[in-house]
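Residue numbers for the sequence shown follow numbering that gives the first Met the number 0, beginning at 0 and rising by one.
A short write-up of the structure that comes next.
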Amino acid sequence: MNLQMLRKLCMSLPETSEELRFGSDLGFSVKGELYCTTADDDEGGVSFKVKESEFREMTQREGIFPAPYLSRFHWVYVIDYAWLKDKEWEFFVKQSYELVKAEGTNDI
């Protein structure tokens, strides 16, 4: 996985928008709610939401930490694309999208 592949994956999900967030970070949102964020180059890490039941296990894996400022909402920070396999990236990004999208419908 790399930035170009991550962007392609995120933008393939319905109603996804991309915007600069937090300075130079890219944010991917569904219906205005952020589900994935990354640096705008291949050097930075990636943050996304996981299920509450997965959070502890994920953050015990090497290269994955509680996301700064977002960990209370069960977001993780992966320090480099190499720490997950491509299939894992696809699974977790899509899961984050679905979790955030479902939360958004609960607010209505």
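Yeah, the Cβ is synthetic: ideal placement off N, Cα and C, and Gly gets one too.
Computed from a predicted structure; not experimentally measured.
Rounded to whole angstroms, the gap between the alpha carbons of E56 and K48 is 13 Å.
Excluding its 5 nearest sequence neighbours in each direction, E51 has C-beta neighbours in its own chain below 6 Å: H73, listed in chain order.
DSSP places F72 outside any beta strand (DSSP E), giving it a letter other than H or E. For L5, the enclosing alpha helix (DSSP H) has its first and last residue at 2–10.
Straight across, the Cα-Cα distance linking Q59 with L5 is about 23 Å. Nearest Cα to V45 within the set S11, E102, A81, L12: A81.
Here DSSP, grouped into helix, strand and coil, assigns E32 to strand.
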